[in-house]
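See below for the structure under consideration.
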Amino acid sequence: MTVTYDKYYQTENLFGEPYSELIEFFDEFPNKGKLLDLGCGQGRDAIALARLGYSVTGIDNSKVGIDQMNQIGQVENLNLVGQVDDIYAFDRFDEFDIIILDSMFHFAKKDKEKEIGLIKKIISDLRNGSLVVVCIQDTGDKVQILNKALDFKKKRKRLMDKDFKYIFEDKHSGHKSETDYRMIIVEK
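Numbering (the numbering used here), first residue to last: 15 to 202.
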C-alpha cells in the first residue's frame with residue numbers, strides 16, 4: 015500500500031523543528047516517563063523528547079518517516095522506537111505516561127467521528143495521572159470539538175491551554191506560511 019506521506023517524507027525533516035512551547039513544557043516536566051507520539055511522521059517531536067530523556071515510541075503509517083526517525087535514534091543512541099502502524103488500530107495506550115497527538119486532528123467531515131472516537135478511546139484507556147497532549151490548528155471549530163471530546167465534566171485536569179504561531183517554511187521554494195495553533199495538555 016502506498017502511503018501519501020512516504021512521498022512527502024523524501025524531503026528529510028519536512029516539517030522542521032518541534033514547537034518550542036512543547037519542548038519547554040517537557041524540558042521542565044519532572045516525570046521523564048514513557049511517551050507515545052501518535053502520527054509521529056519523521057519524528058520531529060519524538061526525537062526532541064527522546065533527547066530530553068523520555069522513553070519514546072512513535073507510531074505512523076509512513077515507513078519512510080519511521081525509518082528516518084529510527085535511523086536518527088540509532089545514531090544518537092536514543093531511547094526511541096518507531097513502528098509502522100495504523101494509529102486507529104493501536105490499543106496499548108495504558109502502557110504510556112504521556113501521549114502526544116501533534117497536528118493529528120482536523121475534524122473534517124469525513125474523519126470527524128473517527129478522530130473523536132480516537133481521542134475518547136485514548137482518554138478512556140489511559141492510566142490515572144497520565145497526560146494527553148494535543149497540538150491542533152486553531153481554525154474554525156476544531157478546538158471546540160476537541161474540548162467536547164476531552165469531556166472536562168469528568169475528572170480531568172487541564173495543565174495547559176496555550177495559543178502560539180507555527181511558521182512553516184518550504185526549504186525548496188522558500189515559501190512561508192503562518193498558522194495559529196493551540197496546545198492543550200490534560201491529565202487524566
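Where a beta carbon is used, it is the ideal one built from N, C-alpha and C, also for glycine.
- Task: Going by CA-CA distance only, name the one from H120, V146, K135, G143 that's closest to I159.
- Result: Shortest Cα-Cα distance from I159 to any of H120, V146, K135, G143 involves H120.
- Jot down the residue ranges of each uninterrupted beta strand (DSSP E) in the stretch 84-134, minimum 3 residues, whole runs only, in chain order. Listed in chain order, they are 94-98, 112-116.
- Message: In whole angstroms, give me the CA-to-CA distance for E42 and V70.
- Response: 17 Å
- Item | Cα-Cα separation, S34 to G53 | 19 Å
- Rounded to a whole number of angstroms, what is the C-alpha to C-alpha distance between F182 and G154? 20 Å
- Message: Between the stretch 99-113 and the stretch 133-140, can you find at least three pairs of beta-carbon atoms closer than 8 Å?
- Response: Three or more pairs of CB atoms, one per stretch, sit closer than 8 Å, so the stretch 133-140 contacts the stretch 99-113.
- Report the partner residues of L145 according to the DSSP bridge assignment. I112, E201
- Nearest to L94 by alpha carbon, out of S144, V78, I114, L50? It is L50 whose Cα lies nearest to the Cα of L94.
- Query: Whose C-beta lies closer than 7 Å to the C-beta of P32 among residues of the same chain, with five residues either side of it excluded?
  - Reply: R58, D59, A62
- Query: Based on Cα-Cα distance, which residue from R196, R172, R170, A163 lies nearest to K179?
  - Reply: Minimum Cα distance to K179 is reached at R196.
- Item | C-alpha gap between S6 and K124, whole angstroms | Outside the displayed span of the chain (15 to 202) sits residue 6, for which this structure offers no information.
- K162 versus I113 - alpha carbon distance: In a straight line, the C-alpha of K162 is about 18 Å away from that of I113.
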